[in-house]
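Trainee: Residue numbers for the sequence shown follow this note's numbering, beginning at 398 and rising by one.
Every residue gets a Cβ at the ideal spot worked out from N, C-alpha and C, and that includes glycine.
A single structure is presented below for examination.
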Amino acid sequence: MPAELAAIKRFPCPFSGCRLSLRSQGDYYRHREMEHEHCKKCNLDFEDWEAFVKHKAQSDKHISCPSCGADFKSHDGLKRHIQLVSKSYDSQ
Ligand SMILES: [Zn+2]
Ligand SMILES: [Zn+2]
Ligand SMILES: [Zn+2]
């Protein structure tokens with residue numbers, strides 16, 4: 398029965414260790430962005446946060462902090478962020 402088949406159809410999450418099945422592709426995309434390390438810009442998936450941060454640091458599509466992975470629109474923004482972070486380290 399087509400209606401029942403459609404109801405059973407699920408979008409299983411392909412990440413290892415995640416057994417979730419999502420009801421729709423939209424749900425899956427949302428889940429992937431929220432729960433997993435996914436680069437929207439490059440459409441790439443990463444096993445863990447460290448791999449994602451490494452990717453952003455190495456890719457010229459990203460301007461990101463190599464230590465915390467924060468994204469910036471410009472190199473100036475990143476520079477300011479790094480200065481702020483190193484300042485807060487100094488004061489400790
Ligand atoms: Zn998942
Ligand atoms: Zn990327
Ligand atoms: Zn940072």
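For ligand 3, is there any heavy atom lying closer than 7 Å to the beta carbon of residue 459?
Mentor: As a working note, residue 459 is residue 62 in the sequence shown. Answer for residue 459: no, Cβ out of range of ligand 3.
Trainee: Beta-carbon within less than 7 Å of residue 439's beta-carbon, same chain only, minus the 5 sequence neighbours each way: which residues are those?
Mentor: Taking the first residue of the sequence shown as 1, we reach residue 439 at position 42. The residues are 456 and 458.
Trainee: Give me every residue whose Cβ sits closer than 7 Å to any heavy atom of ligand 1, in chain order.
Mentor: Qualifying residues come out as 410, 412, 415, 417, 428, 429, 432 and 433.
Trainee: Quick check on DSSP: helix, strand or coil for residue 478?
Mentor: Position 81 of the sequence shown, counting from 1, holds the residue named residue 478. It is helical.
Trainee: Could you pull the start and end residues of the beta strand (DSSP E) that residue 442 belongs to?
Mentor: By one-based count along the sequence shown, residue 442 stands at place 45. Per DSSP, residue 442 belongs to the beta strand (DSSP E) from 441-443.
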